[in-house]
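Numbering (full-length UniProt numbering), first residue to last: 1 to 225. As structure tokens, the structure follows; a few thoughts come after it.
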């Protein structure tokens, strides 16, 4: 393209000299030199430390991962991880829910309990219940919903009704619910809970409250013990 452009400029210069008045012709001839022909374009230079075989490299396209020495990602693993995140996005985790670890039908009882709670409060109903293995006294209870929207509606209703609903308010231990989290999110949750507890205990009032996996300043602090 550069060679073609140079040729056009030279042709334009000659055309102006031949057709314009004498004074203009002389000015152009004196000030506008003819552009010399460009040398032929050489073969492109290939960097040896990336493509060690130079122009004799394999015709098969090389990916960045193969050049950089990074192992290729398995598409199956990507699909598997995406599937796990999709399932988590429609799941609720209930903490400190009473259980009998010797009861083989515990998960069925859990599902029935929260199905009745959902019916009584006009909330989306869970389709499955599962106790996640844990060393704590009460294994985390995972409730599966049809969609993320149903999960969010259930969580909103849970916190709105947990103090007024008899089935929840009469439990000997106060339960709490949250969305299902990834490992990184879970670590952040525990860090936030630790910070909130220690700062509130130090101040003697609830200066901070939890907000999802983080925390925020409490607009209406209460005595903390």
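Backbone N, C-alpha and C define an ideal beta-carbon position, used for all residues, glycine too.
query, result
"Distance CB(residue 87)-CB(residue 178) smaller than 8 Å", "no"
"Exposure label - residue 110; buried when at least 16 CB within 10 Å", "buried"
"According to DSSP, residues forming a beta bridge with residue 129", "143"
"Residue 1 - DSSP class collapsed to helix/strand/coil", "Bear in mind that a pLDDT of 49 at residue 1, under 50, signals an unreliable position, so the model cannot answer this."
"Contact check, residue 165 vs residue 120, beta carbons under 8 Å", "yes"
"Nearest residue (CA-CA) to residue 127, options 133, 194, 160, 146", "146"
"Those residues which DSSP pairs with residue 105 across a bridge", "BP columns for residue 105 are empty, so no partner."
"The stretch 89-104 in contact with the stretch 134-153 per 3-pair CB rule at 8 Å", "yes"
"Residue interval of the beta strand (DSSP E) (run including residue 217)", "214-217"
"For residue 95, three-class secondary structure by DSSP", "strand"
"DSSP three-state assignment for residue 195, whether helix, strand or coil", "helix"
"Residue 178 - containing beta strand (DSSP E), residue span", "176-179"
"Simplified DSSP assignment, three categories, for residue 75", "helix"
"Separation of residue 159 from residue 228, as counted between CA atoms", "In the structure as shown, the chain begins at 1 and stops at 225. Residue 228 is therefore absent and cannot be evaluated."
"Distance between residue 81 and residue 183 (C-alpha atoms, nearest Å)", "13 Å"
"Candidates 167, 215, 151: closest to residue 112 by CA position", "167"
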